[in-house]
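Sequence order for the protein chains is A and B.
All residue numbers in the first sequence are consecutive under this note's numbering, ending with 397.
All residue numbers in the second sequence are consecutive under this note's numbering, ending with 359.
To start, the structure under review is shown below, and the notes come after it.
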Amino acid sequence: MVLSLMSRVRAQSATDLLQKIRARLDQVNDYQAAGIMRTNVSFLKEPEASVTVYFKKPDKLKIRNDKGISFVPKGAVTISLNNLLKGNYTVLDAGTDTTQGQKVRLIKLLPQDENADMVLSTFWVDEKRLLILRARTTTRDNGTYEVELYYGKYIAYALPDKVLFTFNVKNYKLPKGITFDYDDGSPKKKQPAGDGRGSVELTYSSYIINKGVPDSVFQ
Amino acid sequence: MWKLLQIELFKIFKRPRTYIPFGAIAAIILIIQLGLKFDGQSYLEMGMSSVADTFNIPYPLVMNGYLVAFVILNTLLIQIPLLVALVAGDMVAGEANMGTLRLLVTRPVSRTQLMLVKYGASVIYTILLLIWMALLALFLSMWIFGTNDLIIARDTVIEHIRKTDVMWRYIAAFGYAMVALSTVAALAFLLSVFAENSIGPIVATISIVVVLTILSEMRIPLYDNTVKPWLFTSHMLAWKGFFYSQSNGQGDTIAGSIENLPSILRSLSILLAYIAAFVTAAIWAFQKKDILS
Chain A
179 MVLSLMSRVR AQSATDLLQK IRARLDQVND YQAAGIMRTN VSFLKEPEAS VTVYFKKPDK
239 LKIRNDKGIS FVPKGAVTIS LNNLLKGNYT VLDAGTDTTQ GQKVRLIKLL PQDENADMVL
299 STFWVDEKRL LILRARTTTR DNGTYEVELY YGKYIAYALP DKVLFTFNVK NYKLPKGITF
359 DYDDGSPKKK QPAGDGRGSV ELTYSSYIIN KGVPDSVFQ
Chain B
67 MWKLLQIELF KIFKRPRTYI PFGAIAAIIL IIQLGLKFDG QSYLEMGMSS VADTFNIPYP
127 LVMNGYLVAF VILNTLLIQI PLLVALVAGD MVAGEANMGT LRLLVTRPVS RTQLMLVKYG
187 ASVIYTILLL IWMALLALFL SMWIFGTNDL IIARDTVIEH IRKTDVMWRY IAAFGYAMVA
247 LSTVAALAFL LSVFAENSIG PIVATISIVV VLTILSEMRI PLYDNTVKPW LFTSHMLAWK
307 GFFYSQSNGQ GDTIAGSIEN LPSILRSLSI LLAYIAAFVT AAIWAFQKKD ILS
């Protein structure tokens, strides 16, 4: 009975903690952030790109490259924590863990909506600073996404300076008969098998917060 | 020499059939551009379906003038050798057929000079054909579709080249294609020396190019390391190497880089060696030729 009571107390605490973080995130209604995006996917030879990330409450997010083309991974909306924390969830306290060299609280969210695409979310929370340092989301159709957030200049708004977004990648192969690839005669380098994962790193240089972002940006 | 070259060029451009390749190229390019303008997304989806499962692909931006030009070159640079053969295969055999060859060699120029000038005229024709192709495939596509980064789907990787890093690659690719097509012109020119009628060398050149291209594209281990490295058709596709860039340790492509420049230069030198061999053989055969017509 004592154990059950302790568990209830701790579960409440996790909910409270999440409420506080939510309240903190809620102070940002919109932002426009300039940054550099680097994509690391085994089959993609992609140059780093200057991008602008737009966010508007409740869940609009757009990554735009006005100087060229950028392949934005599906599920990149989860780089905005607001999008992960929307809706109704059952909160589970999963104890503690260590990430980015510090001890953190581990909190799991189970959506109450049975038809939600998100099946389970796990958060690594810095309890003292009320920050989410890492989040892992398992979806019904699109595999598992993971976001790692590094804070700096914009910590007051709980906005990261750097985000590392990891996602599932399917294999890529086209028949040579279609591509007519040039065979340069060099010994064939075997394509690294990889772990079926790719990542995108977003390093923000500046944010414009709560100055309004037109809806047209997201179309 | 310059006067002789002018005469040869005059003879080439006086014939109506000289303009057939220009018309054929324009027709093919316009058909491709029209198709891609109205249904380019379906074409892209076909090649990028597995990538689209992971990424949001901005198809309208990907389908830009640079990509359209690449698609056209991919299609046409396999067929253009046949068009080049139409003129180069006629250079000597056509004269023999018309009975003007004997008259030509009575002029106070050496047979070597005559042959060099005739081959030079074939190369100029090839260059003009490529310029025409560049105007339509690259510049017209840029005008119709606009410009943006170039995305190229290879068999195991996707190349992404920034738009500021593309134009020099096209210039290099067209320069390389000029050498590649001059090799076919040299082959047709050589065969032209042995015939009294231009049909023979034209058909023979086309047949050789088709057979060797099939052999170059087939994946048979027996030929891969023995015959294929020495076929000129294996090296004609090396223009694509200018669109393959190096990437750094983090996987970012390096602007202005080429993945395997030594390989392109090797291919280039093999093609130049073929040109030298074909033209030398043509001159030698022409000097020994007993001209009866």
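We put the beta carbon where it would ideally sit given N, CA and C, even for glycine.
query: Are any of the Cβ atoms in chain B nearer than 8 angstroms to that of A/E226?
result: yes
field: Host alpha helix (DSSP H) of B/Q312 (start-end)
entry: Taken as a continuous stretch (DSSP letters only), B/Q312 belongs to no alpha helix (DSSP H), as it is neither H nor E.
- request: Note down, in chain order, each residue of its chain lying with its Cβ closer than 8 angstroms to the Cβ of A/D291, except the 5 sequence neighbours on either side.
  value: G265, N266
message: Which residues in chain A have a C-beta closer than 8 angstroms to the C-beta of B/S116? List them in chain order.
response: K348, N349, Y350, K351
task: Given a cut-off of 8 angstroms, decide if B/R228 and B/D215 are closer than it, judged by their beta-carbon atoms.
output: yes
- request: Verify the CB distance criterion: does A/L222 have a CB-CB separation below 8 angstroms to chain B?
  value: yes
Cutoff 6 angstroms; reference B/D305; Cβ partners in own chain excluding five residues on either side: Residue identity check: residue 305 of chain B is Trp in the sequence provided, not Asp. Cβ within range, chain order: A239, Y242, A243.
- prompt: Comparing the C-beta of A/R375 with each C-beta of chain B, is any distance below 8 angstroms?
  reply: no
- prompt: Does A/Q397 get closer than 8 angstroms to chain B when you measure Cβ to Cβ?
  reply: no
message: Please tell me whether A/G246 has its Cβ less than 8 angstroms away from any Cβ of chain D.
response: Annotation note: the requested chain D is absent from the structure, which comprises protein chains A and B.
field: Pairwise C-alpha distance: B/A339 and B/M164
entry: 32 angstroms
- prompt: Beta-carbon separation of A/L342 and A/S377 under 8 angstroms?
  reply: yes
- prompt: In angstroms, rounded to a whole number, what distance separates the CA positions of B/L257 and B/I73?
  reply: 22 angstroms
- prompt: Name the chain A residues that come within less than 9 angstroms of B/V223, Cβ to Cβ?
  reply: S220, F221, L222, K223, Y350, Q369
- prompt: Of all the CB atoms in chain A, is at least one closer than 8 angstroms to the CB of B/F121?
  reply: yes
query: Hey, quick one: how far does the beta strand (DSSP E) through A/E324 stretch, first residue to last?
result: 322-329
task: Give me the Cα-Cα distance between B/T84 and A/D361, rounded to the nearest whole angstrom.
output: 33 angstroms
Supposed contact pair A/P225 and A/N260 - C-beta distance, whole angstroms, cut 8 angstroms: About 30 angstroms; that fails the 8 angstroms criterion.
CB contact check: B/Y340 to chain A, cutoff 8 angstroms: no
message: Please state whether the Cβ-Cβ distance between B/G131 and B/S207 is less than 8 angstroms.
response: yes
query: So what does A/M215 bridge to, in DSSP terms?
result: A/A227, A/L380
- request: Check each candidate in A/E379, A/F233, A/F249 and name the one with the smallest Cα separation from A/S394.
  value: A/F233
Proximal chain A residues relative to B/D215, where beta-carbon distance stays under 8 angstroms: G246, I247
- request: Answer with yes or no whether the minimum CB distance from A/V250 to chain B is below 8 angstroms.
  value: yes
message: If you reduce the DSSP assignment to three classes, tell me which class B/P82 lands in.
response: helix
- prompt: If you measure from the beta carbon of A/S182 to each beta carbon in chain B, is any gap under 8 angstroms?
  reply: Note that A/S182 has pLDDT 42, beneath the 50 cutoff, so the model's placement of it is unreliable and no number is given.
message: Quick test of your reading: A/T399 and A/L288, contact by CB under 8 angstroms. State the CB separation rounded to the nearest angstrom.
response: As shown, chain A starts at 179 and ends at 397. That puts residue 399 of chain A outside it, with no answer to give.
Contacts that B/V128 makes with chain A (C-beta to C-beta distance below 9 angstroms): I247
CB-CB length for B/A135 against B/L204, believed under 8 angstroms: 4 angstroms
task: Verify whether the separation of the beta carbon atoms of B/V153 and B/Y191 is less than 8 angstroms.
output: yes
task: Identify every residue that forms a DSSP beta bridge with B/K306.
output: DSSP output for B/K306 lists no bridge partner at all.
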